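Colleague: Below are the structure tokens for one structure; questions will follow.
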Amino acid sequence: MSLVNYETPQVVDAESLWQLMAQIDRETKFTLYETDEREYDLEPLKKLIENANRGVDFLQTASCDEQMIGYLLAQRGRHRRNRHVASVVVGIIADFHNRGIGSALFHNLDQWAQLNQIKRLELTVVETNVAAKRLYQAQGFEVEGVRQRSILLDGRYVNEIYMAKLL
Numbered sequence: 001m002s003l004v005n006y007e008t009p010q011v012v013d014a015e016s017l018w019q020l021m022a023q024i025d026r027e028t029k030f031t032l033y034e035t036d037e038r039e040y041d042l043e044p045l046k047k048l049i050e051n052a053n054r055g056v057d058f059l060q061t062a063s064c065d066e067q068m069i070g071y072l073l074a075q076r077g078r079h080r081r082n083r084h085v086a087s088v089v090v091g092i093i094a095d096f097h098n099r100g101i102g103s104a105l106f107h108n109l110d111q112w113a114q115l116n117q118i119k120r121l122e123l124t125v126v127e128t129n130v131a132a133k134r135l136y137q138a139q140g141f142e143v144e145g146v147r148q149r150s151i152l153l154d155g156r157y158v159n160e161i162y163m164a165k166l167l
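Take 1 as the starting number for the sequence shown in full-length UniProt numbering and just add one per residue.
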């Protein structure tokens with residue numbers, strides 16, 4: 001595998017980031033979006049990118065041979081009472097699973113969190129997504145609760161697991 005580059009995207013990268021997210025939606029059933037559900041609207045992505053570049057939130061992409069292959073987004077609370085909390089979303093295209101990319105993205109997130117007074121990282125994961133749960137646990141996330149029958153997956157209602165990491 002070629003060298004993987006990790007960086008905060010720029011506004012001009014919004015299209016590539018949208019394409020990456022849409023590809024991940026097509027490849028896995030574990031995102032919130034079904035294949036055709038993600039709306040093509042670059043403005044919200046541009047806002048996320050701007051917030052990351054201003055240090056408000058964390059957004060980092062992983063690229064290999066100039067192709068985006070993964071991303072991690074952490075959005076901090078917007079109020080004084082929850083600015084120390086960041087909600088995390090991560091996605092990596094299937095061809096690059098199990099290569100340490102998720103671990104590297106989380107390592108970089110931890111560094112940003114320490115510098116930005118984040119005391120709690122939180123995320124949810126579909127109960128049947130064993131690989132993701134394993135990654136999150138390896139990064140220090142612990143199960144805090146279960147949101148029962150909250151996701152419709154393959155015609156069945158499945159549980160969503162709440163996980164958090166205290167820093």
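Where is the CB? At the ideal position from N, CA and C, for every residue including glycine.
Keep in mind that this is a model prediction, so the values were computed, not measured.
Figure out for me which residue from 58, 45 and 9 has the closest Cα to the Cα of residue 117.
Modeller: Residue 117 has its Cα closest to that of 58, out of 58, 45 and 9.
Colleague: Where does the unbroken beta strand (DSSP E) through residue 103 begin, and where does it stop?
Modeller: Element bounds for residue 103: not the beta strand (DSSP E) but the alpha helix (DSSP H), 101-115.
Colleague: On a CA-only basis, which of 56, 43, 23 and 132 is nearest residue 35? Give me that one, please.
Modeller: It is 23.
Colleague: Which residues mark the beginning and the end of the beta strand (DSSP E) in which residue 153 is found?
Modeller: Run containing residue 153: 142-153, per the beta strand (DSSP E) assignment.
Colleague: With 16 other CB atoms within 10 Å as the buried threshold, where does residue 63 fall?
Modeller: Answer is buried; the Cβ neighbour count reaches 16.
Colleague: Does the distance from the C-beta atom of residue 98 to that of residue 30 stay below 8 Å?
Modeller: Cβ distance not < 8 Å, so residue 98 and residue 30 don't count as in contact.
Colleague: Taking residue 61 as the reference, give the member of 127, 162, 135 and 15 with the closest Cα.
Modeller: The option with the nearest alpha carbon to residue 61 is 15.
Colleague: Here's a check: name, in chain order, each residue in its chain whose Cβ is nearer than 6 Å to the Cβ of residue 94, leaving out the five neighbours to either side.
Modeller: Cβ within range, chain order: 27.
Colleague: For a test of the three-state rule: what should DSSP assign to residue 160, helix, strand or coil?
Modeller: Strand at residue 160.
Colleague: On the criterion of 16 or more Cβ atoms from any shown chain inside 10 Å, does residue 139 qualify as buried, or is it exposed?
Modeller: Buried, because 16 or more other Cβ atoms sit within 10 Å of the Cβ of residue 139.
Colleague: Please report how far the alpha carbon of residue 49 lies from the alpha carbon of residue 9, in whole angstroms.
Modeller: When rounded, the distance between both Cα atoms is 6 Å.
Colleague: Start and end of the beta strand (DSSP E) containing residue 122?
Modeller: Its beta strand (DSSP E) spans residues 120-126.
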